Amino acid sequence: MATMSTPRRVEAGASAFLADVLAGLSATPKAIAAKYFYDANGSALFDRICTLPEYYPTRTERAILEAHAGEMAAALGARALLIEPGAGSSEKTRVLLRALEEPAAYVPVDISAEHLEHSAQALRAELPHIEVLPVAADFTAGFAVPRPQRQPLRRAVFFPGSTLGNFEPDAARRLLAGFRPLAGRDGRLLLGVDLQKDIDVLERAYDDAQGVTAQFNLNLLVRINRELGGNFDPAAFRHVAFYDRERGRIEMHLESRSDQVVSVAGRRFCFRAGERLHTESSYKYTPDSIAALGTAAGWRPLRQWTDDRGWFALALFAP
Ligand code: AVI
177 MATMSTPRRV EAGASAFLAD VLAGLSATPK AIAAKYFYDA NGSALFDRIC TLPEYYPTRT
237 ERAILEAHAG EMAAALGARA LLIEPGAGSS EKTRVLLRAL EEPAAYVPVD ISAEHLEHSA
297 QALRAELPHI EVLPVAADFT AGFAVPRPQR QPLRRAVFFP GSTLGNFEPD AARRLLAGFR
357 PLAGRDGRLL LGVDLQKDID VLERAYDDAQ GVTAQFNLNL LVRINRELGG NFDPAAFRHV
417 AFYDRERGRI EMHLESRSDQ VVSVAGRRFC FRAGERLHTE SSYKYTPDSI AALGTAAGWR
477 PLRQWTDDRG WFALALFAP
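The numbering used here numbers the first residue of the sequence shown as 177 and each following residue consecutively.
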């Protein structure tokens with residue numbers, strides 16, 4: 177199995193980061209993809225976000241899983257092979273894995289080989305009856321699913337955490353369509369999505385009182401300085417997060433507090449006071465719009481589970 181830790185891949189990753197940052201700072205308006213938040217520090221800050229009182233998605237999704245894991249497991253059927261793109265520490269997946277009937281295996285896929293191996297070991301110790309077959313890969317670029325010892329009756333793609341929300345609608349549709357061949361002919365897709373709700377609840381979730389989300393956003397500049405030889409002064413930028421009702425998305429930006437010139441890898445970029453660098457969009461769906469997106473990607477909506485407030489949904493699809 178390929179790992180992400182060979183020098184060539186690290187260099188390739190660094191040069192893609194550099195090319196994307198230079199292109200994003202040259203664009204109007206300036207923008208850098210949200211996937212670059214997640215260096216070690218960014219991932220640790222995201223873990224903290226997930227525990228914040230204002231950030232409801234993680235605990236709401238977990239509560240839905242805990243309340244309905246039995247039904248979900250029954251819907252996936254016995255001897256399922258569970259594939260999780262972007263698995264991270266597989267924290268919430270444990271709830272589902274525990275409920276599955278004789279699971280064939282669990283295939284967590286993550287870009288960080290080190291993180292993946294660490295959490296695979298913990299899972300094997302906790303759930304010794306489940307074969308864990310980690311794949312270190314960028315799930316958006318495609319990957320091969322390893323063959324488990326026990327013959328699966330079905331493959332199921334589990335994509336929780338509202339990660340889909342960070343994809344633009346067209347890219348989200350392409351991603352879900354790409355899960356079709358992964359799941360196979362009678363496969364299933366179980367998708368976690370954040371739902372549209374009161375604007376204050378949404379905006380507080382992305383601009384918390386302790387300023388952890390602000391730190392998470394500003395860490396992108398720290399990462400650019402360290403990895404790409406930038407000279408951003410993070411204190412010269414302000415975290416901005418708001419909900420765009422028309423687009424149904426939270427936007428996060430870094431707003432320049434003054435006119436300033438920043439250099440990255442020897443290139444100079446001017447910011448005017450108040451100018452924004454767009455760092456993330458987080459789309460919020462409705463039960464109908466998520467069913468429609470799945471349908472547009474070639475999936476058939478089967479059912480959805482939600483919480484009492486209707487804040488988050490787990491949506492199940494078949495081919
Ligand atoms: C990873 N992703 C689903 C998070 C979200 O809610 O869009 C990232 C995040 N950004 C700020 N807070 C959390």
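Ideal Cβ positions, reconstructed from N, Cα and C, are used throughout, including at glycine.
The structure displayed is predicted, hence computed values, not measured ones.
- State the DSSP-derived secondary structure class of Arg-330, mapped to helix, strand or coil. strand
- Query: Under a Cβ-count criterion, where at least 16 other Cβ atoms within 10 Å of its own Cβ denotes burial, should Ile-306 be classed as buried or exposed?
  - Reply: buried
- What are the residues that DSSP puts in a beta bridge with Cys-542? Because the chain spans 177 through 495 in this model, residue 542 falls outside it and cannot be assessed.
- Would you give the residue range spanned by the beta strand (DSSP E) that Ile-496 belongs to? Nothing can be reported for residue 496: it is not among the residues displayed for the chain, which extend from 177 to 495.
- Message: For chain B, check one thing: does any of its Cβ atoms lie closer than 9 Å to the Cβ of Glu-422?
- Response: Among the protein chains of the structure shown there is no chain B, as only one such chain exists.
- Starting from Arg-361 and walking both ways along the alpha helix (DSSP H), at which residues does that stretch end? No alpha helix (DSSP H) contains Arg-361, which DSSP labels as neither H nor E.
- Query: Can Ser-458 be considered in contact with ligand 1, in the sense that its beta carbon sits closer than 8 Å to one or more heavy atoms?
  - Reply: yes
- Pro-380, DSSP secondary structure in three states: A quick correction: the sequence has Arg, not Pro, at residue 380. Helix, per DSSP.
- Query: Between which two residues does the alpha helix (DSSP H) containing Phe-213 stretch?
  - Reply: Note, Phe-213: premise wrong, no alpha helix (DSSP H); not H, not E.
- Message: ligand 1 and Asp-370: does any heavy atom of the ligand fall closer than 8 Å to the residue's C-beta?
- Response: yes
- Which residues share a DSSP beta bridge with Val-311? Val-285
- Task: Compute the distance between the beta-carbons of Thr-462 and Leu-371, then report whether it is under 9 Å.
- Result: yes
- Message: Let me check you understand the geometry: is the CB of Phe-488 closer than 8 Å to at least one non-hydrogen atom of ligand 1?
- Response: no
- Under the three-state DSSP convention, the category Ala-489 falls into: strand
- Task: Figure out for me which residue from Ala-332, Lys-373, Leu-490 and His-429 has the closest Cα to the Cα of Arg-361.
- Result: Ala-332
- Query: Just curious, the beta strand (DSSP E) that Tyr-419 is in, first and last residue?
  - Reply: 413-420
- Message: Would you call the region 383-399 in contact with the region 469-485, where contact means no fewer than 3 C-beta pairs closer than 8 Å?
- Response: no
- Query: Going by the CB atoms, is the gap between Gly-424 and Tyr-382 shorter than 9 Å?
  - Reply: no
- Query: What do you reckon, are the CB atoms on Pro-229 and Phe-488 nearer than 9 Å?
  - Reply: no
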